[in-house]
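Enquirer: Residue numbering for the sequence shown follows full-length UniProt numbering, beginning at 1 and increasing consecutively.
Glycine included, every Cβ here is placed at the ideal spot set by N, Cα and C.
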Amino acid sequence: MGIDKALAERKGREFCGISRETIASSNSRRNRRRQRKKPPVQMLFETCKVVFASAGTGFVPPPQDIDKLRSVLDGIRPEDVGLRPDMPYFRTSATQRVPRIQYLHIYECEKFSMGIFCLPPSGVIPLHNHPGMTVFSKLLFGTMHIKSYDWVVDMPPESPNIINPSESQTREMRLAKVKVDADFTAPCNPSILYPEDGGNMHCFTAVTACAVLDVLGPPYSDTEGRHCTYYHNFPFSNFSVDGLSIPEEEKSAYEWLQEREELEDLEVNGKMYNGPKIVES
């Protein structure tokens, strides 16, 4: 029995020694893996390359790819792209007529683009569309009011959804339905809009200083018919239209949108992106 006990103690010491060595080796491997871990913005770039590999006008990624990209976006924090709320991007000056918005260009190719809008308090990106595009937006910090619309396309044939409000106005108005009209505060889920639904037309208003990471697939392209159009919006009740009837309790969910040309309420400056760089392979 004494010999057996001594043998057991020796084997136990050997086992413990091997375990410590194994643990140390395992920890070392884990540390090397951590050191080799890709920056989140690099992971976003590589995910976009896969998700938008076949992107063209009207392209919508399959559900599993949407979930994959949404998950990567959800994990990105301001520090991952080199941003802090106290940076000059998010301040206003008394001499500015309208709050100046900064756009940090991260990457763009014919399939997708990545960039960050930096808005000071009260900064506004006016109502605009994303023709034939799927767009992912991640609010990195701050509080922002988002109002978005989709065109009304399911009205009965006898119900007009396009009108010319008066002879003095040459630009027609088209009926749209409000999809979102609410404040969002980070951290919150990324938003996704699609070519035909999900709020393809939207307006951003900064309640506080905020930053929005945008991924567009494919990006705007005048030559391919993806031109950014801006709109004025008017309450549904502003105009009476023969043959168009909407229940009174639903009227607030509909508005008339009219294309606009002058953007006196928008000033966007391009700035250098100084976060982790994209490595193309």
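Between Leu-266 and Arg-171, what straight-line distance do the alpha-carbon atoms span, to the nearest angstrom?
Expert: 21 Å
Enquirer: Hey, Val-207 and Asp-183 are a contact pair by Cβ (cut 8 Å); roughly how many whole angstroms apart?
Expert: About 6 Å; that satisfies the 8 Å criterion.
Enquirer: Going by DSSP in three states, Glu-224 sits in which element: helix, strand or coil?
Expert: Residue state, collapsed to three classes: coil.
Enquirer: If the criterion is Cβ atoms closer than 8 Å, does the pair Thr-134 and Phe-59 meet it?
Expert: yes
Enquirer: Just to confirm before moving on: does the CB-CB distance between Pro-131 and His-227 stay below 8 Å?
Expert: yes
Enquirer: What are the boundary residues of the beta strand (DSSP E) that Val-178 is part of?
Expert: 173–185
Enquirer: Cα-Cα, which of Leu-119, Asp-80, Gln-64, Asp-242 is closest to Pro-88?
Expert: Leu-119
Enquirer: Leaving out five residues before and five after Ser-71 in sequence, what residues of the same chain have Cβ atoms less than 7 Å from its Cβ?
Expert: none
Enquirer: Does DSSP classify Pro-126 as helix, strand or coil?
Expert: strand
Enquirer: Provide the residue span of the alpha helix (DSSP H) that contains Cys-48, from first to last.
Expert: 40–51
Enquirer: How would you label Asn-200, buried or exposed, when you count the other beta carbons within 10 angstroms and need 16 or more for buried?
Expert: buried
Enquirer: Suppose the cutoff is 6 Å on Cβ atoms and the five residues either side in sequence are ignored; what does the same chain contact list for Trp-151 look like?
Expert: Cβ neighbours of Trp-151 beyond the five flanking positions: Ala-176.
Enquirer: Tell me which residue opens and which closes the beta strand (DSSP E) that Leu-244 is part of.
Expert: Careful: Leu-244 lies outside any beta strand (DSSP E) and carries neither H nor E.
Enquirer: Between Lys-251 and the rest of its own chain, which residues show a CB-CB distance below 7 Å, the 5 nearest in sequence each way excluded?
Expert: Phe-236, Ser-237
Enquirer: If I measure Cβ to Cβ from Pro-99 and keep anything under 6 Å in the same chain, skipping five residues before and after, which residues do I get?
Expert: Once the five neighbours on either side are set aside, the close Cβ partners of Pro-99 are Thr-92, Pro-120, Ser-122, Gly-123.
Enquirer: Which same chain residues end up closer than 7 Å to Thr-229 when comparing Cβ atoms and leaving out the 5 residues on each side of it in sequence?
Expert: Shown here for Thr-229: same chain residues with a beta carbon closer than 7 Å to its own, the five before and five after excluded, namely His-128, Asn-129, Glu-259 in chain order.
Enquirer: Assess contact between the segment 101–109 and the segment 186–195, defined as three or more Cβ pairs (one per stretch) separated by less than 8 Å. Is contact present?
Expert: no
Enquirer: Would DSSP call Glu-255 helix, strand or coil?
Expert: strand
Enquirer: If you reduce the DSSP assignment to three classes, tell me which class Ile-162 lands in.
Expert: strand
Enquirer: If you reduce the DSSP assignment to three classes, tell me which class Thr-22 lands in.
Expert: The predicted model places Thr-22 with a pLDDT of 49, which falls under 50 and marks its position as unreliable, so this point remains unresolved.
Enquirer: Using only the heavy atoms of the ligand PLP, determine whether one of them is closer than 7 Å to the beta carbon of Val-72.
Expert: Ligands are entirely absent from the displayed structure, and the ligand PLP is therefore not among its contents.
Enquirer: Taking only the alpha-carbon atoms, compute the straight-line gap between Val-178 and Arg-97 and give it to the nearest angstrom.
Expert: Each residue's alpha carbon lies about 29 Å from the other.
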